[in-house]
Structure formats: structure tokens, C-alpha cells
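Here's the structure we're looking at; comments come further down.
2 protein chains.
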Amino acid sequence: MVTSSRRLDRTFAALADPTRRAILVHLARGDATVGDLARPFRVSRPAISKHLRVLEGARLVRRTREGRMSRCALDAAAMREAAEWIERYRAFWSGRLDALKRYVEQSPPPGGKERHP
Amino acid sequence: MVTSSRRLDRTFAALADPTRRAILVHLARGDATVGDLARPFRVSRPAISKHLRVLEGARLVRRTREGRMSRCALDAAAMREAAEWIERYRAFWSGRLDALKRYVEQSPPPGGKERHP
DNA sequence: GCTACTGGTAACCATGTAGTTACCAATTAA
DNA sequence: TTAATTGGTAACTACATGGTTACCAGTAGC
């Protein structure tokens, strides 16, 4: 598999938190400042800042400082990667077994140690 | 959004671990026992058992006891849910903004507190 | 200048998780 | 029946994470 394991780790871990998913939903409507993102939630600004750092680490969000505020925007490369990974497995139960077969054949056998996808 | 927040939490958290993703890769090739799944890795059997419990909690894997061994199989409903969630956001950057618009319109405004998707 | 505002960092706490070893339960096979 | 095999559970450790409050650094505006 081409996609890096660590990157998928970070992407899925970032998506595993409901506050972070809500932030992504918000950003899908357009860019926002940190304050904009913090307002709808009951959590403090530092908490949002931490979530944003996680989302940045997963490359799902980009932050650019503009004066005294930060503009946050979606950066979707990593999410596409995760979607592709999931899509491969959807092939399994969607009956499109040929797609899975192709993937399995270009993948190392499961006997290979510590070969984490 | 129809999909439960907790369920997505568990699904993405389950996918965030490389060992668990490797287990899913293995199971995509066919059912397996716990021993089969543990062999390729350097981790102990209890560790695999814990991973399987997480995967069961996310409803990605089903375990059925057959005699003294457990047969593990993919159960892909939750993964499809996660794929659908991601697909909504792929709509954003794939230019298919109408799909996103539809989703946003049937979704509560971001001002609504603790409305985590 | 001084003040207010936006955002980030530090230090801390509680909780969850990934891993270990040691042990137990149940089934298979000698 | 006894012994070996397969899995699961318990108890523990180490570490990451999500949250808080308190404080600091710039920038904007008076």
C-alpha cells in the first residue's frame, strides 16, 4: 500500500473525536477563525487549539496567522487518503471483489512481520 | 446526520491503529482464528484479543466461538458508515459542492451547542 | 503610549489505551 | 483420565489524550 501507516494513524485518530469532526463540518462551510470554531462548543479555547493542532498534524486543516487572528481552512489530502483506504475495504462487501483481489495481489502476504498497512 | 456520533467515534478510533488495520487486511482475505491473526505480529495473544474486542465494539469484526477456537470475520456495516461520512467531505474538495450543500442544508446550524456529527 | 482582544503555551489532572505477564476455562486428543 | 492447545481475563505499567486554569505574546484601537 502506498499510504504511510503513521499518516493513516493520525488521520483516523483525528476523525475519531466528535469535536474535531464538528470542526471539520464547520470548516466545510467556509474558512473560520479559532474563535469562530470555539464559539459553538462548550469547551475552552485552549482545548480547541489542541484539537486544531491534531487536525493540522493529520493535515486535515491548515492554519495561517493573519494579524492577531488565525484563519483555518480545510486541507483535504489526508482525508482523501483515508477515504481511499476505506474504499478498498468497501470493495470487499460491495461484491466488487476484483478490486480487492487486485489490492491483495499487490500487497505482501500476511506472514510478513510488522508489515502494518 | 443519521449516523450516531458514538458509533463513528468507535469506528475511526478502531481504524486508527495499524495492528487493527492489519487485522482487517488479513480478514479481507477470509475468516481466521485468533491464533491465525496473532501469528504475523510480534504482539502477544492477549493484545490481539483486546484489539479484537475494540474491532467488535466498532462492529467491524464478528467473533463466533467454534469449539475451542474463535472464528473472526469482517462485519462491514460500520466501515460503510465511516466511508459515507468521509465521502460527504470528499464532495467538498472534489467540486461536487451540490452534494455538500444538500448535506449542510439538512444539518443543524453550527450555532447549536453540543451537536456533534 | 495604554487597553482590549485573539490566540497560543505551560502545568496539571483524570481517563483511556496498548502492551506486558500470569493465570483460568474449556475443548480436543493421547 | 490426563495432557496439550486455544482463548480469554486480571492486574499491572507506561504513555497519550482531552480537558481545565493561569499566564504570555502580538495586534488593533483608543
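Sequence lines, in order, name chains A and B.
Counting from 1, one number per residue, gives the positions in the first sequence under our numbering.
Counting from 1001, one number per residue, gives the positions in the second sequence under our numbering.
All C-beta atoms in this analysis are idealised placements derived from N, C-alpha and C, irrespective of residue type, glycine included.
On a predicted model such as this, the values are computed, not experimentally measured, just so you know.
Bridge-paired residues (DSSP) for residue i
{"i": "Glu1066/B", "result": "Met1069/B"}
{"i": "Val974/B", "result": "Lying before the first or after the last residue shown, residue 974/B is absent from chain B, which here runs from 1001 to 1117."}
{"i": "Ala32/A", "result": "Cys72/A"}
{"i": "Val61/A", "result": "Leu74/A"}
Beta-carbon proximity of residue i to residue j, cut-off 8 Å
{"i": "Leu1060/B", "j": "Ala1014/B", "result": "yes"}
{"i": "Ala1076/B", "j": "Tyr89/A", "result": "yes"}
{"i": "Thr11/A", "j": "Glu81/A", "result": "yes"}
{"i": "Ile1086/B", "j": "Ile48/A", "result": "no"}
{"i": "Ala1058/B", "j": "Ala83/A", "result": "no"}
{"i": "Arg7/A", "j": "Ala91/A", "result": "no"}
{"i": "Arg45/A", "j": "Ala38/A", "result": "yes"}
{"i": "Arg65/A", "j": "Leu52/A", "result": "no"}
Chain-ordered chain B contacts of residue i [CB-CB under 9 Å]
{"i": "Ile48/A", "result": "By Cβ distance, chain B contributes nothing, its closest Cβ being about 13 Å from Ile48/A, past 9 Å."}
{"i": "Ala38/A", "result": "In chain order: nothing, as chain B lies at least about 11 Å away."}
Per-residue contacts from residue i into chain A (C-beta, under 9 Å)
{"i": "Ser1044/B", "result": "Under the 9 Å cutoff, chain A gives no residues; its nearest Cβ is about 14 Å from Ser1044/B."}
{"i": "Ala1058/B", "result": "Result: empty, since nearest Cβ-Cβ is about 10 Å, beyond 9 Å."}
{"i": "Asp1031/B", "result": "Ordered by position in chain A, no residue passes the 9 Å Cβ test against Asp1031/B, which lies about 12 Å from the chain."}
{"i": "Ala1083/B", "result": "Ala83, Ile86, Glu87, Tyr89 and Arg90"}
Listed by chain order, chain B residues near residue i by CB distance under 7 Å
{"i": "Arg80/A", "result": "Arg1090"}
{"i": "Leu15/A", "result": "Phe1012"}
Residues that residue i contacts on chain A, provided the C-beta gap is smaller than 7 Å
{"i": "Ser1005/B", "result": "Pro18"}
{"i": "Leu1024/B", "result": "Tyr89"}
Contact test: residue i Cβ vs the ligand PLP heavy atom, cutoff 7 Å
{"i": "Tyr1089/B", "result": "Questions concerning the ligand PLP fall outside what the structure shown contains, since it holds no ligand whatsoever."}
Just checking, does the region 28 to 46 of chain A make contact with the region 64 to 81 of chain A on the three C-beta pairs under 8 Å criterion?
yes
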